[in-house]
Every structure is written in structure tokens, then in C-alpha cells.
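In the numbering used here, the protein residues as written are 4 to 170.
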Amino acid sequence: MEVVVGRIGRPHGLRGDVTIAVNTDDPDARFAAGSVLGTDPDRGPLTVVTRRRSGGVLLLRFEGIEDRDAAEALRGTSLTVPAETLPESDDPDEFYDHQLIGLAVRDPSGQDLGKVVEVWHPPASPVLLVRRPDGSDEAVPFVRALVPTVDLAQSYLVVDPPEGMFA
């Protein structure tokens, strides 16, 4: 399984640099010179040649991407790594998105509420998109007050919904 660690944005300058929307806790290590990243859609693996910052924006240059036109062709490409290369967390309340997607969702009494189909990362806290049995979607903030239990071994999590959620 591949995990998205970033997304290529607009070109920066004339020599092939691109902006990166970062989706990893350690961008300096993940995007170090020499790092090889998978791509989605498949545009072949990309090897990082240089990494630098311009203000708060991460800029990368990849091997073989020599000009603005080549950089523009990569816009919107997701950068991926194999899930097994990600470090284990010491925090029992910290999860990777790929660990949560696909988990069954139950209420505290065990009733099926659906399945996690996506994880969003707005500025506040992560949000789980739960596909309900009827096919509709429910957005659930991923906070302990609403999601008191995550059991990866049994492939489920518990949502204790407030009144009106999942109604």
C-alpha cells in the first residue's frame, strides 16, 4: 500500500522547482536529496535533487525536471511512499490515515454506523468521512470525545455521536 506524503503544486521559477503541499510529519527527512518517491497518477518514481524553503513554502527539484514546462506537467501529482517504510508511533492515540480508512464504525452499543472512507485534515482536528449503510456520508471530527475507541486489530472504531449526528 502506498501512502501520500505530499502533492506537487505550481512551478516556482524557471529551472524546474515545484511547490509541495506537505502531508508528512517529517518533511525534511521524507524529501531529502536523494529520496525516491512514487507518484499518483503514475509518472514514474521521482528522485529529489534539491529541497529548500522560500518563506514557508517547501520547494523541490526532481531529477530530469529541468524547466518550468516539465514542472507544470507534474502539477497535481501525489507523492507516495510504501506504507511499511513509515515509522511506528509511540503514541497510542496517533494513527496514519491508511490505518483508519476502511475501519468499521460502530456506536457505543455496537450498532453499525458505516465505514471510514476518507480522512480530511482541516486546520483544526482531522475529520473522518464515514460512509453510512444507506450510502450517505457523515463527517466526524476525529477527537477523543466523539471517537473514544480505535481498535486496529479488530478493524473498527467507536463513534459516540452527539444528538443529530447519524440521525
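Idealized CB from N, CA, C, for every residue including glycine.
* For residue 125, does the count of other Cβ atoms within 10 angstroms reach 16, so buried, or fall short, so exposed? -> Residue 125 sits at position 122 when you count from the first residue of the sequence shown. Looking at its Cβ environment, which holds fewer than 16 other Cβ atoms inside 10 Å, residue 125 is exposed.
* Asked: Expressed to the nearest angstrom, what Euclidean distance is found between the alpha-carbon atoms of residue 7 and residue 86?
  -> Along the sequence shown, read from residue 1 onward, the residue named residue 7 stands at position 4. Along the sequence shown, read from residue 1 onward, the residue named residue 86 stands at position 83. Straight-line measurement puts the Cα of residue 86 at about 9 Å from the Cα of residue 7.
* Do you know whose CA, among 145, 107, 111 and 113, lies nearest residue 122's CA? -> If you number the sequence shown from 1, residue 122 lands on position 119. Comparing Cα-Cα distances from residue 122 to each of 145, 107, 111 and 113, the minimum goes to 145.
* Since residue 75 is in the alpha helix (DSSP H), which residue starts that stretch and which ends it? -> Your numbering for residue 75 matches position 72 in the sequence shown. Counting along the chain, the alpha helix (DSSP H) containing residue 75 begins and ends at 71 to 76.
* Using a Cβ-Cβ cut-off of 7 Å (strictly less than) and excluding sequence neighbours within five positions of residue 46, which residues of its own chain qualify? -> One-based indexing of the sequence shown puts residue 46 at position 43. For residue 46, where only same-chain residues beyond five positions count, the Cβ hits under 7 Å are 77 and 80.
* Would you mind stating whether residue 19 and residue 70 have Cβ atoms separated by less than 8 Å? => Stepping through the sequence shown from its first residue, residue 19 is reached at position 16. Stepping through the sequence shown from its first residue, residue 70 is reached at position 67. In this structure, residue 70 lies closer than 8 Å to residue 19 by Cβ.
* Asked: To the nearest angstrom, how far is it from the Cα of residue 12 to the Cα of residue 133?
  -> Here the question's residue 12 lines up with position 9 in the sequence shown. Here the question's residue 133 lines up with position 130 in the sequence shown. Spanning the two alpha carbons is a distance of roughly 28 Å.
* **DSSP-derived helix/strand/coil call for residue 163** => Start at 1 with the first residue of the sequence shown, and residue 163 comes out as number 160. Reduced to three states, the DSSP call for residue 163 is coil.
* **DSSP three-state assignment for residue 28, whether helix, strand or coil** => For the purposes of this step, residue 28 is identified with residue 25 of the sequence shown, where counting begins at 1. It is coil, neither helix nor strand.
* Using the Cα positions of residue 63 and residue 56, report the straight-line distance between them to the nearest angstrom. => Here residue 63 is taken as the residue at index 60 of the sequence shown, counted from 1. Here residue 56 is taken as the residue at index 53 of the sequence shown, counted from 1. In a straight line, the C-alpha of residue 63 is about 9 Å away from that of residue 56.
* What residues in its chain sit with their C-beta under 7 Å from that of residue 27, if we drop five residues either side in the sequence? -> Along the sequence shown, read from residue 1 onward, the residue named residue 27 stands at position 24. Closer than 7 Å at Cβ, skipping near neighbours: 8, 9 and 33.
* **Proximity of residue 120 and residue 160 at Cβ, strictly below 8 Å** => Stepping through the sequence shown from its first residue, residue 120 is reached at position 117. Stepping through the sequence shown from its first residue, residue 160 is reached at position 157. Result no, Cβ atoms of residue 120 and residue 160 do not sit closer than 8 Å.
* Asked: Taking DSSP as the reference, what is the three-state secondary structure of residue 137?
  -> Sequence index remark: in the sequence shown, residue 137 carries index 134 (1-based). Coil.
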